[in-house]
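Taking it in order: structure first as structure tokens, then the write-up.
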Amino acid sequence: MCGIFGYSGPRDVKETLLSGLKRLEYRGYDSAGIALNRGGEHRGGEFALYRSLGGVDELKKKLTELTGTAVENDKQTATLADVKNSDISTEYSYGIGHTRWATHGQVTEQNAHPHMSYDSALMLVHNGIIENYAELRDYIESKGITTRTETDSELLVHYISYCYHYLEEQESTAYDKRSNNIDRLVRAMSLASKKFIGSYAILLMCRYIPDTFFAQCEGAQLLISHGHDEVRISSDKNALFTAGASYIVLGDGELAIATRTDIRVQDRQEQQVVKTSQDLDEEFDVAEKGSYETYMLKEIYEHPRAVRQALTGRIHQADATAILNGFNFDMALLRSYRSVKLLSMGTSYYAAQIGATWLEAIAKIPASAEMAAEFVGREPVLDDVTLYIVISQSGETYDTLNAVKLIQQHGLKVYGICNVVGSRIGRMTDGGCYTHSGPEIAVASTKVMSGQMAILAALTLKIARVHTMSYARGQTLIDELEQIANHIDTMLNNQAIHHTIQELARQAIKASHLLFVGRGLSYYVAQEAALKFKELCYTHASAYSASELKHGPIALIDEYTPILIFAEEGPGRQKIFSTVQEVQARKGNVFLCGIQDHSLVDSTITLPYTEYYKTRNKGSVSDITFPFLHTVVAHLIAYYSAKIKGNNIDKPRNLAKSVTVE
Ligand code: M6R
Numbered sequence: 010m011c012g013i014f015g016y017s018g019p020r021d022v023k024e025t026l027l028s029g030l031k032r033l034e035y036r037g038y039d040s041a042g043i044a045l046n047r048g049g050e051h052r053g054g055e056f057a058l059y060r061s062l063g064g065v066d067e068l069k070k071k072l073t074e075l076t077g078t079a080v081e082n083d084k085q086t087a088t089l090a091d092v093k094n095s096d097i098s099t100e101y102s103y104g105i106g107h108t109r110w111a112t113h114g115q116v117t118e119q120n121a122h123p124h125m126s127y128d129s130a131l132m133l134v135h136n137g138i139i140e141n142y143a144e145l146r147d148y149i150e151s152k153g154i155t156t157r158t159e160t161d162s163e164l165l166v167h168y169i170s171y172c173y174h175y176l177e178e179q180e181s182t183a184y185d186k187r188s189n190n191i192d193r194l195v196r197a198m199s200l201a202s203k204k205f206i207g208s209y210a211i212l213l214m215c216r217y218i219p220d221t222f223f224a225q226c227e228g229a230q231l232l233i234s235h236g237h238d239e240v241r242i243s244s245d246k247n248a249l250f251t252a253g254a255s256y257i258v259l260g261d262g263e264l265a266i267a268t269r270t271d272i273r274v275q276d277r278q279e280q281q282v283v284k285t286s287q288d289l290d291e292e293f294d295v296a297e298k299g300s301y302e303t304y305m306l307k308e309i310y311e312h313p314r315a316v317r318q319a320l321t322g323r324i325h326q327a328d329a330t331a332i333l334n335g336f337n338f339d340m341a342l343l344r345s346y347r348s349v350k351l352l353s354m355g356t357s358y359y360a361a362q363i364g365a366t367w368l369e370a371i372a373k374i375p376a377s378a379e380m381a382a383e384f385v386g387r388e389p390v391l392d393d394v395t396l397y398i399v400i401s402q403s404g405e406t407y408d409t410l411n412a413v414k415l416i417q418q419h420g421l422k423v424y425g426i427c428n429v430v431g432s433r434i435g436r437m438t439d440g441g442c443y444t445h446s447g448p449e450i451a452v453a454s455t456k457v458m459s460g461q462m463a464i465l466a467a468l469t470l471k472i473a474r475v476h477t478m479s480y481a482r483g484q485t486l487i488d489e490l491e492q493i494a495n496h497i498d499t500m501l502n503n504q505a506i507h508h509t510i511q512e513l514a515r516q517a518i519k520a521s522h523l524l525f526v527g528r529g530l531s532y533y534v535a536q537e538a539a540l541k542f543k544e545l546c547y548t549h550a551s552a553y554s555a556s557e558l559k560h561g562p563i564a565l566i567d568e569y570t571p572i573l574i575f576a577e578e579g580p581g582r583q584k585i586f587s588t589v590q591e592v593q594a595r596k597g598n599v600f601l602c603g604i605q606d607h608s609l610v611d612s613t614i615t616l617p618y619t620e621y622y623k624t625r626n627k628g629s630v631s632d633i634t635f636p637f638l639h640t641v642v643a644h645l646i647a648y649y650s651a652k653i654k655g656n657n658i659d660k661p662r663n664l665a666k667s668v669t670v671e
């Protein structure tokens, strides 16, 4: 969702802010802005504010257009002198930037961040949602302060400034000494935050306090990297990009005062907190597109790697089991669980449904997957014999985090399967493991679903082995797990598959809606296929269980509605053929993905999973491999369809990479 980036240091501030924001773009955005500060007690400080609709490129264009002319100096930049753009790099020593994903207020330049306080002293960017914004607005307006935007974020900066002046009156000293200003501003932020209900990560700078950032978090995080005479603050590690530096994570209720040389952190009680730094080098793995046209295509090709990475070091051949040390399971604990509950959203939720099916069918333990938001919303009954696991690529999803909090509030443990190391879910959960799929930059999630499924398969093996699974069956499962990545590779390298999917895509984009159908595990892949198709193509798509079709959705079928059926060899084969016949009887245009015998299908799209079927021709709910293969096909269908339509593949409209709001 929104992204925050701040920089102070010897580099060109404007350029560094823009490249920092560029690395946040993948999170989703609709407008962007930066504010630069000359700062300084002697010169009185000066802000320069630039905002634009669209992304960082549009913002950059705007800045370039301003070269040699007076910088924007409207009512909101009231204190800005006629500074030439060419002066900026030399004159301005620090600044803050933001990519906005609209929640409160429309997508307009006015609503874009940064926002300036009514007294022109403070400039602020904000991630999150302030729930009591209406009450705050009334209060601020009752004090004679005019608001200029529809955002909740603007209210924060006014209110902090208001608190500052309140304290100033109490102490009857004006903005004069730097240390006083800093202390008072920190106290004003603390005071103000008592009135903020909701989630926020705030980054703020004061006109009168040179090269100093004020950062505050509640329900959202900020990372501060430090070293080489510079400081960077961001909501996302991707933007810190200074190899060799270290960083700290600012968490709930914490407030930091950060300069190039020093970071001071305090908690809600205004007590100093000693933070542990982490080495940025360890995770310095910023993805590049390489020779791929888009990040999404690159990431689809990384499905096999995601499976391998997830399983590396997690298979114990000799004992025919999985090693999942991060869960800290001991045998007794593992045996004590009576059921498993998997909680997540979106693509992670579909991976969870597949995992829950494996856990029941293979490990013989009752398991279910549920959308985290629905779980939290329905006042669930919780108990200590259920193994709770949340699953999230970003590790920042608000709804999933809420599930973590709810479970922990009941005094129970909750584990996590996350991709982003150091993310909030990664830190808040009581254990679990990282998928290690590498950074996922395209907004639509792809390869990490494979990483999640691989971990869930390993978990299934682990639990199965402490319950009923024999050593020999454990070995067979391991053999299968170890071949999955190779099967995906084979499939991705098969040009025939790409051609047939491209053909399908050409037909799919002509339709006004699409149906994806599956049975059992394939039903969950069908849901993922429909989600991805909607996300990328902006065309309606639904997913149905094959058994559900005749109970109503069959009414949708006509000659204009393409139906893609994910099916696999196995006991369900005959049932799927019945579904095909039912659909064809109503002139439905069927594409069959998976089963090798297409004699019943009019429009035959052959997806030859040949290598896989050569080695294994069973297929059942306990089959581990085919959901991985179907998932890659699902992602390729969305990819090629969006490509033919000419849509923005890496940044589809309206979407955000991390959904950090409710
Ligand atoms: O980061 P998470 O896995 O927690 O995200 C969950 C969903 O928001 C995410 O999968 C979303 O549905 C994506 N747009 C899917 O492409």
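For the sequence shown, position 650 matches number 659 in the working numbering, and the numbering has no gaps at all.
In this text, a Cβ means the ideal position worked out from N, Cα and C, and glycines have one as well.
Neighbourhood of residue i by C-beta distance below 8 Å, restricted to the same chain and skipping five residues each side
i	result
residue 255	234, 235, 236, 286, 287, 288 and 289
residue 646	510, 513, 514, 517, 538, 541, 542 and 573
residue 385	408, 411, 412 and 415
Nearest neighbour of residue i, chosen from the options [CA to CA]
i	options	result
residue 199	584, 275, 603 and 323	275
residue 568	470, 593, 548 and 544	593
residue 241	577, 227, 257 and 113	257
residue 9	195, 381 and 301	Residue 9 lies beyond the residue range present for the chain, which begins at 10 and ends at 671; the question has no answer from this structure.
residue 469	348, 390, 218 and 587	348
residue 280	345, 364 and 195	195
residue 369	301, 506 and 351	351
residue 116	63, 373 and 527	63
residue 284	435, 476, 268 and 260	260
residue 150	141, 138 and 164	164
residue 639	70, 550 and 458	458
residue 270	309, 661 and 220	220
residue 227	27, 139 and 131	139
residue 643	500, 28, 561 and 654	500
residue 55	103, 30 and 560	103
Beta-ladder partner(s) of residue i, from DSSP
i	result
residue 46	56 and 103
residue 603	DSSP, once it has assigned bridges, lists no residue as partnering residue 603.
residue 350	377 and 397
residue 192	In the DSSP output, where bridge partners are listed per residue, residue 192 has none listed.
residue 571	598
residue 26	Residue 26 pairs with nothing; no bridge assigned.
residue 424	398
residue 257	233
residue 319	The partner list for residue 319 (beta bridge, DSSP) is empty, contrary to what the question assumes.
residue 324	331
residue 137	209
Contacts around residue i, its chain only, beta-carbon distance under 6 Å, and the 5 residues preceding and following it disregarded
i	result
residue 319	444, 460, 463 and 464
residue 362	378 and 533
residue 154	127 and 167
residue 337	440
residue 225	198, 211 and 264
residue 277	262
residue 454	356 and 402
residue 325	332
residue 467	323 and 331
Other residues of its chain near residue i: CB distance less than 7 Å, five sequence neighbours each side excluded
i	result
residue 11	107, 108, 109, 110 and 136
residue 175	none
residue 596	567 and 568
residue 438	399, 413, 423, 424 and 425
residue 173	193, 194 and 197
residue 391	416, 419 and 421
residue 475	340, 343 and 344
residue 266	191, 195, 221, 223 and 273
Neighbour-count burial assignment, residue i, 16 or more Cβ in a 10 Å radius
i	result
residue 312	buried
residue 583	exposed
residue 17	buried
residue 397	buried
residue 484	exposed
residue 564	exposed
residue 394	exposed
residue 428	buried
residue 496	buried
Heavy atom of the ligand NAD within 6 Å of residue i beta-carbon
i	result
residue 453	Among the ligands modelled here, namely the ligand M6R, the ligand NAD does not occur.
*asked:* With a threshold of 8 Å, are at least 3 pairs of Cβ atoms found where one atom belongs to the stretch 117-125 and the other to the stretch 156-166?
replied: yes
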